[in-house]
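Report on one structure; see the data block that follows.
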Amino acid sequence: MSSEAVSDKTTSRWIGKSLIKVFSQEFHAHSKEEYEKSIAGGNIKVNGKPVTVDYIFKGHDLVTNKVHRHEIAVAAAPIKIIHSNDDFIVVDKPPSIPVHPCGRYRHNCLLFILAKDHGLKELYSVHRLDRLTSGLLVFTKNIKKSQEINEQIRERKVNKEYVCRVI
């Protein structure tokens with residue numbers, strides 16, 4: 001379980017509406033009662049300050065919600081590094097792990113695991129594979145090489161090949 005603060009600026013449709021009305025109508029992850037408890041407990045703030053459920057949104061308000069996330073488990077197998085040099089790293093991505101933080105995955109993603117387990121903090125994806133797809137994945141280790149490869153992809157100088165094995 002991890003805790004994080006999620007912030008968002010008010011949209012035009014929120015202006016003039018109460019905090020509880022916006023949360024209960026726009027965000028369906030929890031019930032109205034749970035949002036009321038979060039507001040009362042100070043986990044939902046506006047402009048960095050605790051507010052009540054009847055707070056009315058104004059333009060340029062910043063709402064912050066401290067949420068607890070329970071991430072979905074992913075494959076426990078270590079990530080195999082197939083090749084690494086000064087510019088690139090090629091890894092064998094197992095199924096069930098997303099490449100980037102997304103949706104309900106923050107820590108259980110390939111980039112976070114590579115940073116934590118291998119100290120690879122600055123990686124730039126050349127391509128991606130879907131969460132449930134396994135296979136070789138190429139990352140660059142610096143922004144210059146990433147831009148170079150992305151330009152080659154745009155100019156169709158690089159070919160990607162996907163091979164599928166059906167069992």
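Numbering-wise (full-length UniProt numbering), the sequence shown opens with residue 1 and increments by one.
All C-beta atoms in this analysis are idealised placements derived from N, C-alpha and C, irrespective of residue type, glycine included.
Item                                                                                                          : Value
Where the alpha helix (DSSP H) containing His118 begins and where it ends                                     : 110 to 118
Option in Val166, Thr133, Lys32 with minimal Cα separation from Asp92                                         : Thr133
C-alpha gap between Arg154 and Ile89, whole angstroms                                                         : 21 angstroms
Three-way DSSP call (helix, strand, coil) for Ser84 in this model                                             : strand
Residue of Gly48, His70, Leu120 minimising C-alpha distance to Asn85                                          : Leu120
Cβ neighbour criterion (16 or more within 10 Å) applied to Ile82                                              : exposed
Expected contact under 8 angstroms - CB spacing of Ser24 and Tyr35 to nearest Å                               : 6 angstroms
Coil, strand or helix - Ile89 by DSSP                                                                         : strand
The stretch 106 to 117 contacting the stretch 141 to 151, beta-carbon criterion three pairs below 8 angstroms : no
Paired residues, beta bridge with Leu136 - DSSP                                                               : Asp92
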